[in-house]
Each structure stands twice: as structure tokens, then as C-alpha cells.
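Everything on this sheet refers to the single structure shown next.
Chains as they are written, first to last, in our numbering: chain A, 1 to 120; chain B, 121 to 237.
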């Protein structure tokens, strides 16, 4: 069945960069847009970014658009999130999620998430 | 900017009771773009309902989504202990076509916590 596995989280110093990765399996990766969603500790879900099936464009939440970059490698069934100039409020769990094939308005498969901790 | 407001913040009910969760949108929207998710403690979110009233694969018929315009509801009938979770509504608020220079965004409500006594 469809599965997403995130990696790349950990402890990062404020101001540094990190790259999160999400490996997809069990479905035709090249047919689906892919998202990143994050969740600060004890808080709700915040949509971060999306890229369509072919990686031809990228869209971001206003809160991250100047520092985050979403990309994908369709030859490796992976989607990435580059986070530059990490800030304390970037800490939390980052989820990779698949956009549903039916219109892409909702997210029908989620990974378990990777946790980012920011040190000063 | 569209805002989704969920109420109540917390719902505490007994097994077998009915839960009614509200999601109010700051402007009238197309109901096909409204979805609901469940997030159990320590787990990733899981899609429950999409298009405001369509259950996702494997979701039991105890979960019913409804609504239109600015007011949407998720009803959980016959609550079970496993329904303890935070429930989020989510809206897609732009054209899905990717081709007209618009900036699509996906917005979540702040969540409703359902506690089973």
C-alpha cells in the first residue's frame, strides 16, 4: 500500500540549514502532487508547501516562502524540503503527505513525520 | 485570507454518545474543497472525509460530514474509546488547475479535541 517515510530531522542550530527527505513507495509517485505539513509541539497542523506531480512549480505558506524550498526527484520517488536560516519557531514535526488524485484538494496519505529541534 | 474556526475546542463525551464538531469558514466556499482529518495522540493525521461529505477509504459510517457555504460539520455517532483524538478541518482555497498564476493554499482549522470519558 502507499507509504511515505520522512527523514532528515534532528537537532539544528538556529540560523543553519537542513534538508528533509520523504521516500514514497507503493504508488505511482509521478502521478501525484506532494505536500509538507508541520506541527509545532502541542499545536495544530500548518500547511507548508506543495509541488505538483512534475515538480514544475512550487507553492508555499506565507510564513515560510522566503526560507523554504520544496523539490522532488521523480527518478528516486522522493520529495524534499530545504529549510534555510532555521528559526526557533521552525521546531516541530514535519509531515510529508500525498495530494489525492481526485482534484488534489485533500491529503490522503501521510508519513509518520520527522522531528526538528532547534537549538540556540 | 480564509480562516477556519473550529468549535468547540474540547468535547468530552461518553461511549455511545454522538459528537458534533463544527468548522466555520470566514467566507463562502465550494464544499468540494473541505476535508476532515483525525489525529490520534503520537500519530500522523489520517483523512476521514473529503468533499465535505465523502468518507475516505476504510472510514466507518459512524463518521458523517455535512455542510455548505461557511458552515461544515463532522458528526461521529456511537462514540467509541478509539475515537479519542484531535479532529481538524481543512480547506483548499484556490483553483486546482495550477495554470493560471494563482497561488493555491491549504488551510487547517485549529482542531477540536474529542475526549471519551
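For each residue, glycine too, the CB sits at the ideal point set by N, CA and C.
For the 8 Å CB-CB criterion, residue 157(B) and residue 212(B) do not form a contact. Taking 7 Å as the upper bound on Cβ-Cβ separation, chain B lies near residues 95, 100, 103, 104, 105, 106 of the region 91 to 106 of chain A.
At the C-beta level, residue 206(B) and residue 232(B) come within 8 Å of one another.
Between residue 98(A) and residue 109(A), the C-beta gap is smaller than 8 Å, which places the two residues in contact.
The beta-carbon distance between residue 21(A) and residue 8(A), rounded to whole angstroms, is 5 Å. This is short enough to meet the 8 Å contact definition.
Residue 192(B) sits in a strand when the DSSP states are folded into three classes. Under DSSP, residue 7(A) shares a beta bridge with 21(A).
A contact is defined here as three or more CB-CB pairs under 8 Å, and the region 158 to 165 of chain B meets this definition with respect to the region 189 to 205 of chain B. One alpha carbon belongs to residue 151(B), the other to residue 62(A), and they sit about 24 Å apart. Annotation note: the region 33 to 104 of chain A contains no uninterrupted alpha helix (DSSP H) run of length 4 or greater. Among the residues facing chain A, residue 209(B) is not included, as its CB has no counterpart in that chain under 8 Å away.
According to the DSSP secondary-structure assignment, residue 145(B) is paired through a beta bridge with 124(B). Counting only the Cα atoms, residue 71(A) lies some 9 Å from residue 56(A). Spatial neighbours of residue 69(A) in its own chain (CB-CB distance under 6 Å, excluding positions within 5 residues in sequence) are listed in chain order as 82. Residue 64(A) places its beta carbon less than 8 Å from that of residue 48(A). Listed along chain B are 167, 176, each with a C-beta nearer than 7 Å to that of residue 108(A). Listed by position along chain A, the residues whose Cβ is nearer than 8 Å to that of residue 223(B) are 59. The beta-carbon of residue 36(A) is placed no less than 8 Å from the nearest beta-carbon of chain B. Comparing C-alpha distances from residue 41(A) to each of 79(A), 88(A), 54(A), 100(A) shows the shortest one belongs to 88(A). CA-CA distance, residue 15(A) to residue 84(A), rounds to 7 Å. Each residue's CA atom was taken as its position, placing residue 28(A) and residue 54(A) some 12 Å apart.
In this structure residue 33(A) is not in contact with residue 77(A), their Cβ atoms being roughly 14 Å apart against a cut-off of 8 Å.
By the rule that beta-carbons nearer than 8 Å mark a contact, residue 18(A) does not touch chain B. One alpha carbon belongs to residue 36(A), the other to residue 210(B), and they sit about 14 Å apart.
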